[in-house]
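Protein chains in written order, with the UniProt record's numbering: chain A, 1 to 326; chain B, 1 to 329. To start, the structure under review is shown below, and the notes come after it.
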Amino acid sequence: MKIIEHSYSADLAWVEPFAKQFEGRVEGNFIMVPEDSQSGTRYFLECEEGIIAYYINVTYKKNYHLIQKNINKDFVGFYYNLTDGEASVSGDHFRYDVGRWQYNLALIDSTLESTYVVKSGSKTFALCIFIKKSLLETYAKRNNIEFENIEKIVDPKINTMIRFDRMSNDSFHLLQDLRKLKVGGPVFDLNLVGTVHMLISNFLKKIARNRIIIQTVNKTDLANIINAQMFLVENINDHFPSIKVMANKANMSESKFKNLFRKITGETPSIFFMNNKLLLAKELLEKKQLTITQISDQLNFTNNSYFASKFKAHFGISPKTYIKQL
Amino acid sequence: MKTITHLSTLFPSSLDKLAEGLETKVINNKLISVPKKFGDGCLFFTQITPNISALFIDVTFNTEIKFHRISGQDDLLIFHYDLSEHVNIIKINNMDYEIGAFDRLDLAIIDNNIDSIFKPAANERTVAIRLIINKNILTDFVKTYSEQIKEQKTTSQKVSFYHYGNIDSNSILLIQSVKHSSIKDLSFEPFLKGVSLKLLGNFFNKFYNPDSSSSKIREIENTSIEKTKEYLQNNVHGPFPSLTFLAAMAGMSESKYKDLFKKCYNTTPNIFFVNEKMKYGKKLLKSGNFRSLTEIIYELNYTKLSYFTSKYYEIFNRKPSEDFVKNRR
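Set out below in structure tokens:
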């Protein structure tokens, strides 16, 4: 087990000491870490004054305890974390498991000391965004957002921000798109900054709709809904399994299931299912290994034309045009 | 017809002229809401980085309006993405270009040194994103690009150019998603910024890695081509099995088979087969198991020694007799 104490900040001051802690070095915008402890990429970029993006795509080969103790306490960290394996974030009064199906979006104030525990063999894909609080404040003010007393929230003496949440489906796919790209270079930088902006946009959308209700939902209910989501994604190739079956699985009445699902994911089960199906179809089309008919069959669409019409309704262009101009 | 002249710059102040022309005011330094007199919709401007700005246009004009962008001194490039469902006109160097509609070209890149006129069609929803970019972040791109242009037209005296092409699918999806979101949402501005940057990312990705994916061969096709190749290699004693047979074996039409075979091995099936035969012939010649050349050519299913000799010479630049090891027993 390896214990590492480090800090983040909304400028690039944390990078060098961080690399040293890992016995690595900084090369351009990459943090190079010795291959025997972890393999993969760590990349950082200053998107604009006061906004830092930190991209992590690594496989850990040792158990790690990362203790975050910040020197500069003037920023907020957004952690989009899609870890495959065991990982958790804990602090004085809280402990949450993180990963694709756990809490995958954490919003943690820089004043808090937190520990990130990750087991050997875990594959972490994460994007961290560090934003200066003053920036958030001016941003919110400029756009007239009622951040329920934004001043109170960003004043470190009165309040600290901490929130564990699940990212929206949109955000998840944004990250997946980013993951496909080769890291480094101007093209990647453009995409990275673009993704950061879009993630912030999604987050604001969520706040505007006041959809952060997860903390008010009963824990077992929440777990059941997440399980239902997992079930749908795992069986994405099949037909929609019917509300009845899923409600039974989740030990809820059909109406309760439908309502809760919608509350937590923002979509009805069948729309959630269809959207994921179509996104998968898009990915298959991009790979150019299967024809449109094969994809439509594999995903269990009744026929091509139904698939094409659904695709068009969702993305705005037909599968054929999509391939043509890829 | 009304004409509005304006200048493109990286700053929100470039909206002033547009607003004046449309007889309205700029709201919050970023938004122009088009008055009912001219149409319905708005223009939205945002500066993304010191060197990149975006102007989003989503308006249904009810009269014909010409937007005359006069050339400016700043070293800027303008990317005009048009996702309207009908045809708009862009006039560059007195040439009319149709832009918009899915089946047409829908991306125009114009140098700020050139005048251009944008004429959106009346009574149709016009959706477009204009990215205004400082050339100095693109020095590399501009250099390679203007070189290419120079090769095409030696007359160009200045380094000013325009390009006219297709938007790639992923970018279309991005613009579509902007089309569906509302300008009034507070999440709109960061969203537009994100989309704009990703659009640029996509464009340069395509520019620097041209046709990386277009020439890709499907795995299944690859394996079936491989299968026929192995068949040819294993049947060098026989006659050429005919294209029809091989194509059927690979499960495709003859023309497709020929095309793919050429893509994989850079030669036609027949030439490939003859080459294999010759390689096998060389092996037989050197094996010392045969008493005469005629025996070998029968083994290879040839009837004329002269044909074999000439083919052999073509490939190895030697006569078969030079390589022949005779069986003396």
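Glycine is no exception: its CB is placed at the ideal position from the N, C-alpha and C atoms.
Option nearest residue i by Cα separation, candidates the options
i: A:D109; options: A:S270, A:K277, A:K73; result: A:K73
i: A:N224; options: A:E234, A:N251, A:S201; result: A:N251
i: B:I48; options: A:C128, A:F261, A:H197; result: A:H197
i: B:S14; options: B:G39, B:K36, B:L284, B:A54; result: B:A54
i: B:H6; options: B:I27, B:I65, B:K37; result: B:I65
i: A:E113; options: A:I243, A:I264, A:Y8, A:N304; result: A:Y8
i: B:G238; options: B:T303, B:L22, B:I32, B:N170; result: B:T303
i: A:I52; options: A:E27, A:F78, A:Q21; result: A:F78
i: B:T294; options: B:Y313, B:S287, B:S306, B:F261; result: B:S306
i: B:K184; options: A:Q176, A:L204, A:K182; result: A:L204
i: B:F204; options: A:N191, A:N202, A:S201, A:L199; result: A:N191
i: A:I323; options: B:L76, B:N170, B:P35, B:S187; result: B:N170
i: A:D177; options: A:F44, A:L279, A:S318, A:F130; result: A:L279
i: B:G41; options: B:G72, B:I57, B:F272, B:N235; result: B:I57
i: A:T41; options: A:E35, A:I56, A:E49, A:P34; result: A:I56
i: B:V325; options: B:V59, B:T309, B:R291, B:V34; result: B:R291
i: A:K219; options: A:V89, A:Y96, A:A10; result: A:Y96
i: B:R125; options: B:L107, B:L43, B:L76; result: B:L43
Segment limits, beta strand (DSSP E) that includes residue i
i: B:M95; result: 95 to 99
i: A:T115; result: 114 to 118
i: A:N81; result: 75 to 81
i: B:K119; result: 116 to 119
Assigned exposure category for residue i - 16 Cβ within 10 Å defines buried
i: B:V127; result: buried
i: B:S214; result: Reliability of the predicted coordinates at B:S214 is poor, the pLDDT of 46 falling under 50, and no value is obtained from them.
i: B:R328; result: exposed
i: B:G39; result: buried
i: B:K256; result: exposed
i: B:I217; result: exposed
i: A:G28; result: exposed
i: B:Q157; result: Low per-residue confidence applies at B:Q157: pLDDT is 38, beneath 50, and the placement is therefore not dependable, though the value from the model is reported in the following sentence. With fewer than 16 Cβ atoms within 10 Å of its Cβ, B:Q157 is classed as exposed.
i: A:T265; result: buried
i: A:K20; result: exposed
i: B:D82; result: buried
i: B:H80; result: buried
i: A:P319; result: buried
i: A:M167; result: buried
Range of the contiguous alpha helix (DSSP H) that encloses residue i
i: B:T267; result: That residue, B:T267, is in no alpha helix (DSSP H); it is neither H nor E in DSSP.
i: B:I65; result: No alpha helix (DSSP H) contains B:I65, which is instead part of the beta strand (DSSP E) from 65 to 69.
i: A:T265; result: 254 to 265
i: B:H21; result: Looking at the sequence itself, residue 21 of chain B is Gly, so the reference to His does not match. Segment 15 to 21, the alpha helix (DSSP H) holding B:G21.
i: B:T309; result: 305 to 316
i: A:D170; result: 169 to 180
i: A:L105; result: No alpha helix (DSSP H) holds A:L105; the beta strand (DSSP E) holding it covers 105 to 109.
Residue i at chain B interface by Cβ criterion, 8 Å
i: A:N275; result: no
i: A:Q298; result: no
i: A:I271; result: no
i: A:F311; result: no
i: A:R211; result: Reliability of the predicted coordinates at A:R211 is poor, the pLDDT of 48 falling under 50, and no value is obtained from them.
i: A:V187; result: yes
i: A:G28; result: no
i: A:V193; result: yes
i: A:Y43; result: no
i: A:I131; result: no
i: A:F94; result: no
i: A:Y54; result: no
i: A:H197; result: yes
i: A:E5; result: no
i: A:I317; result: yes
C-beta contact flag for residue i and residue j at 8 Å
i: A:K123; j: A:G184; result: no
i: A:A82; j: A:Y116; result: Reading off the sequence, residue 82 of chain A comes out as Leu, not Ala. Cβ atoms of A:L82 and A:Y116: not closer than 8 Å.
i: B:N134; j: B:L10; result: yes
i: A:A228; j: A:F261; result: yes
i: A:I4; j: A:F22; result: yes
i: B:L232; j: B:F272; result: yes
Cutoff 8 Å: residue i Cβ touching any chain A Cβ
i: B:N29; result: no
i: B:S53; result: no
i: B:K311; result: no
i: B:I167; result: yes
i: B:Q176; result: yes
i: B:E314; result: no
i: B:S84; result: no
i: B:V236; result: no
i: B:T49; result: yes
Residue i beta carbon near the ligand NAD (any heavy atom closer than 7 Å)
i: B:K304; result: Absent from the structure shown: the ligand NAD. Ligands present: none.
Residue-chain proximity (residue i, chain C), Cβ-Cβ < 8 Å
i: A:F78; result: No chain C appears in the structure shown, which is made up of the protein chains A and B.
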